[in-house]
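**Q** Would you mind keeping the following structure in view while I ask a few things?
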Amino acid sequence: MANQRTVSSILIENGTLLFHDGQRLIEQVGWLAVEGDRIAAVGAGEAPDERRARAGRVINARHMAVLPGLVNGHTHLSQTFLRGLADDRPLLRWLREVMWPAQAAMTPEDMYLAAKLGLVENLRCGVTWLVQHHKLPGREHVDAACRAAAEVGIRMTLARGWVDLGPAAEPLDAILAEMQWLYETWHNPQSPITLASGPLAPWRCSDDAMREITALARSWGAPTHIHVAEAQDEVEMMLARCGKRHIEWLADLGCLGPDTELVHAVHVTDAELDLIAASGATVVHCPTSNMYLASGAAPVRKMLDRGIPVRLGTDGSGSNNSQDLLECAKIAALLAKHATGDAQALLPGDVVGMVTRGRGDAERGRRGDAGTRGRGDAERGRRGDAGTRGHGDAGTRGRGDAGTRGHGDAGTRGHGDAGTRGHGDAGTRGRGELVAGAVADITIVDLNNPRCQPVHSAASALVYNASGADVHTVIVGGEILVDGGRVTVVDEEALMEQCRLAAAALMKRAGIE
Ligand SMILES: [Zn+2]
């Protein structure tokens, strides 16, 4: 098993490569070579013989989409044990009646198993990197989630959840000490596991704690990941407390910046969107969860039009109830259309960007070098064209152009400059791009099935037809963690049996029938 998983060089050939060229999504049949943990070369058409000859492993991706590894921008792995348990309730009832009491009864071993199962599910759905917004603050519970991620091999940012107001409040000093321990124990930009501050929601955090903990995270270069404006009653609570809406509160505290990840942002005003855009913060959109809890529809088109980086998240399995990011992609596109009455509110190219883009720093790099352009303008440009070119332009145009785009010489150069540019820290340089020099996080989705064929645009098929069940191969840092639909790192049957037993015992302990 291990020798299958780790091969020094991999050639992926005959696949439809999907990547952004800085302006739009390109689709191109071609090949991609991985050496060690990096993408070594990318090219159009047939793979060179010498590449095939020296590859330790050749993956034939004919009729498959080859993408930068999918990014699940927000989840709660503890909820893997709680899916289907609190269906059909609004946010605050869902939290108070089931999520809080059930999670409070979880042992570190429960956390480890729930995390491991959730991580395997994410992998199976094509995810190479996720943000675990960790709600069980005990040191052993945090440790359990990190151990599970280290064993599975997926990239995980653990946003250490904290609150200092209301139920489960911790004293500020304790939060700071635990964050310090976590940073020293698990945070490593060169490893798959990194740390973020994870305040659970503005109405559960005091002004002082928000300021101090954000300052500590910033001193490490770690982001702050926070639920905001998910439900209207949460906004009302902050207005009653301090007369400010969620984004205004963060901005006034000095806690809204390029290192801020705003989860949900459903109930935000245009003025708040302007604040987000000016700050460089990222929004994590969780449309399935927002529909499930009847929270509303985030104004995603307005966000993209302002150049706000938007990532997609499944949210926890308590409010989804799966981790299928491709299902979430379809729901994102449909919800935006439904909510705005505009069939072009969100296009497949937009959504593919939302699930493949790296973290905030990659987005900032792009926004920065685009001057005032940002991603919103690129998308607007496409939308503007649509009257004459039709809605499939993202896919079909890229394909038409491919021959002249200079990929032919990619055997040595790759189709970008990421080899020298990079975006983030060394461990994840170039994440979110299929270019030479980028970290080899790659997802391959098999479109060769009756639900997808014939494929006119791979982006359209990915968003509107494919699901997590179609994920064929997942590579993280050059290691094959899913191979032909089979997870290479975990005995799934044994894990599921352990999880069934542990979840049943948890329900008993928590008094949930
Ligand atoms: Zn959440």
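Numbering that gives the first Met the number 0 numbers the first residue of the sequence shown as 0 and each following residue consecutively.
Ideal placement from N, C-alpha and C gives every residue a C-beta, glycine not left out.
Is the number of C-beta pairs between the segment 282 to 302 and the segment 96 to 111 that are closer than 8 Å three or more?
**A** No contact exists between the segment 282 to 302 and the segment 96 to 111.
**Q** Which parts of the segment 235 to 302 are runs of the beta strand (DSSP E), unbroken and 3 residues or longer, counting only runs that do not cross its ends?
**A** Taken in chain order, the complete beta strand (DSSP E) segments of 3 residues or longer contained in the segment 235 to 302 are 259 to 263 and 281 to 284.
**Q** Flag G315 as yes when its Cβ comes closer than 7 Å to any non-hydrogen atom of ligand 1, and as no otherwise.
**A** By one-based count along the sequence shown, residue 315 stands at place 316. Answer for G315: yes, Cβ within range of ligand 1.
**Q** Under 7 Å Cβ to Cβ from V57, same chain only, skipping five residues before and after it: list those, please.
**A** Residue mapping note: residue 57 aligns to position 58 of the sequence shown, counting from 1. Contacts found: L10, E12 and R51.
**Q** Can H226 be considered in contact with ligand 1, in the sense that its beta carbon sits closer than 7 Å to one or more heavy atoms?
**A** Translated into the one-based positions of the sequence shown, residue 226 becomes position 227. Yes, the beta carbon of H226 sits closer than 7 Å to at least one heavy atom of ligand 1.
**Q** Does the distance from the CB of T156 to the CB of G315 come in under 8 Å?
**A** The count along the sequence shown starts at 1 and reaches residue 156 at position 157. The count along the sequence shown starts at 1 and reaches residue 315 at position 316. No, they are not a contact pair.
**Q** Does any heavy atom of ligand 1 sit closer than 7 Å to the C-beta of V262?
**A** Position 263 of the sequence shown holds residue 262. Result yes, Cβ under 7 Å from ligand 1.
**Q** Once DSSP output is grouped into helix, strand and coil, what is the label at S316?
**A** The residue labelled residue 316 in the question sits at position 317 within the sequence shown. Three-state result, S316: helix.
**Q** Mind listing, in chain order, the continuous beta strand (DSSP E) runs of no fewer than 3 residues lying wholly within the segment 145 to 186?
**A** 154 to 161
**Q** Under 7 Å: does the beta carbon of H73 sit that close to some heavy atom of ligand 1?
**A** In the sequence shown, the residue the question calls residue 73 occupies position 74. For ligand 1, at least one heavy atom lies less than 7 Å from the Cβ of H73.
**Q** Using the rule of at least 16 other Cβ atoms within 10 Å of the residue's Cβ for burial, across every protein chain shown, is S77 buried or exposed?
**A** Taking the first residue of the sequence shown as 1, we reach residue 77 at position 78. Burial call: buried.
**Q** Here's the rule: buried if 16 or more other CB atoms are within 10 angstroms of the residue's CB, otherwise exposed. What is M495?
**A** Taking the sequence shown and counting its residues from 1, one reaches residue 495 at position 496. By the neighbour-count rule (16 or more Cβ atoms within 10 Å), M495 is not buried but exposed.
**Q** Sorry if obvious, but does the Cβ on H132 come closer than 7 Å to a heavy atom of ligand 1?
**A** Residue mapping note: residue 132 aligns to position 133 of the sequence shown, counting from 1. Because some heavy atom of ligand 1 lies under 7 Å away, the Cβ of H132 counts as near it: yes.
**Q** What does the alpha-carbon distance come out to for the pair G14 and Y463?
**A** As a working note, residue 14 is residue 15 in the sequence shown. As a working note, residue 463 is residue 464 in the sequence shown. Distance from the CA atom of G14 to the CA atom of Y463, rounded to whole angstroms, is 19 Å.
**Q** Which of helix, strand or coil does DSSP assign to H140?
**A** For the purposes of this step, residue 140 is taken as residue 141 along the sequence shown, with counting starting at 1. Helix at H140.
**Q** Does the beta-carbon of Q102 have 16 or more other beta-carbons within 10 angstroms, so that it is buried, or is it exposed?
**A** Counting from one through the sequence shown, the residue named residue 102 turns up at place 103. Buried: at least 16 other Cβ atoms inside 10 Å.
**Q** Could you pull the DSSP bridge partners for W219 from this structure?
**A** To locate residue 219, count along the sequence shown from 1; it is residue 220. Paired residues: none, contrary to the question.
**Q** Using DSSP with H/G/I as helix, E/B as strand and the rest coil, what is H503?
**A** Here residue 503 is taken as the residue at index 504 of the sequence shown, counted from 1. A small correction: the amino acid at residue 503 is Ala; His does not occupy that position in the sequence shown. In this structure, A503 counts as helix in the three-state DSSP scheme.
**Q** Considering only DSSP beta bridges, list what G197 is partnered with.
**A** To locate residue 197, count along the sequence shown from 1; it is residue 198. DSSP, once it has assigned bridges, lists G160 as partnering G197.
**Q** Could you tell me which of A148, C145 and H455 sits nearest to H62, measuring between CA atoms?
**A** Residue numbering aside, residue 62 sits at position 63 when the sequence shown is read from its first letter. Relative to H62, the option among A148, C145 and H455 whose CA is nearest is H455.
**Q** Have a look at L533 and W248 and give me their C-alpha separation to the nearest angstrom.
**A** Since the first residue of the chain shown is 0 and the last is 512, residue 533 is not available in this structure.
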